[in-house]
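Each position in the sequence shown, counted from 1, maps to that position plus 3 in the working numbering. Built from N, CA and C at the ideal position, the CB exists for glycine as well. All figures in this text were calculated on a predicted structure; none of them were measured in a lab.
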Amino acid sequence: MSISRPIPLVLLCILYLVLAGVALWRTISTGAVDLFTLGVIPVLVGIMLRTSWSLWALRIYLFIQTLGLLALATTALMALQITPEDVKLELVGRNIPLLPLAAVLLALLAFQYWVAFSANTKRFLQQEKSD
4 MSISRPIPLV LLCILYLVLA GVALWRTIST GAVDLFTLGV IPVLVGIMLR
54 TSWSLWALRI YLFIQTLGLL ALATTALMAL QITPEDVKLE LVGRNIPLLP
104 LAAVLLALLA FQYWVAFSAN TKRFLQQEKS D
């Protein structure tokens with residue numbers, strides 16, 4: 004019996020497709036290659052092809068994201084302690100409030116953890132392909 008692709012996994016694939024597009028655009032426009040952004044591509048390919056290593060790749064990539072977010076948060080908190088008026092995030096000339104950004108990033112990370120450690124995701128990715 005074939006298990007249909009879980010909806011949360013489909014949503015994660017859509018998110019990762021968008022991230023892969025942004026990562027490729029960033030790599031082409033800046034010439035900078037980094038594992039943090041381009042690491043989404045092998046994870047996405049693994050999930051789409053339902054490879055045996057895709058679940059591990061997803062969890063490792065999620066761990067890398069968690070470390071990156073922790074490093075960013077630690078740096079921001081240290082900077083806030085030193086000079087709070089200088090701590091700001093600008094994108095295309097606009098200030099981005101840090102608290103809503105942190106909330107969105109935490110929500111995205113929580114969603115990815117939920118999908119990565121869901122029993123449905125594990126069952127779907129470990130099932131033998133019947134087609």
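For residue i, the residue or residues it bridges with in DSSP
| i | result |
| --- | --- |
| Glu93 | Asn98 |
Straight-line gap, residue i to residue j (C-alpha atoms, nearest Å)
| i | j | result |
| --- | --- | --- |
| Leu83 | Ala76 | 10 Å |
| Leu182 | Arg29 | The structure shown does not extend to residue 182, since the chain is modelled only from 4 to 134, so the question has no answer here. |
| Leu136 | Gln130 | Residue 136 lies beyond the stretch modelled for the chain, which goes from 4 to 134, so this question has no answer here. |
| Ala176 | Ile85 | This structure gives no information on residue 176, because the portion of the chain shown stretches from 4 to 134. |
| Glu88 | Phe39 | 29 Å |
| Pro100 | Gln68 | 21 Å |
| Ala60 | Ser32 | 27 Å |
| Ala106 | Leu41 | 23 Å |
| Ile10 | Gly24 | 21 Å |
| Ser55 | Tyr19 | 19 Å |
| Arg53 | Val90 | 43 Å |
| Leu70 | Arg8 | 29 Å |
| Ala79 | Tyr64 | 23 Å |
For residue j and residue i, believed in contact at Cβ under 8 Å, the rounded distance
| i | j | result |
| --- | --- | --- |
| Leu12 | Ser57 | Contact doesn't hold; Cβ gap of about 10 Å is too wide. |
| Ile6 | Arg126 | 6 Å |
| Arg62 | Ala119 | 5 Å |
| Leu22 | Val43 | 5 Å |
| Ser104 | Leu92 | In the sequence under discussion, the amino acid at residue 104 is Leu, which differs from the Ser named in the question. Sure, about 7 Å apart at Cβ, within 8 Å. |
Checklist entry - Just checking, does the region 102-121 make contact with the region 43-57 on the three C-beta pairs under 8 Å criterion? => result no
Checklist entry - At which residue ranges does the region 41-117 contain complete alpha helix (DSSP H) runs of 4 or more residues, listed in the order of the chain? => result 43-52, 57-85
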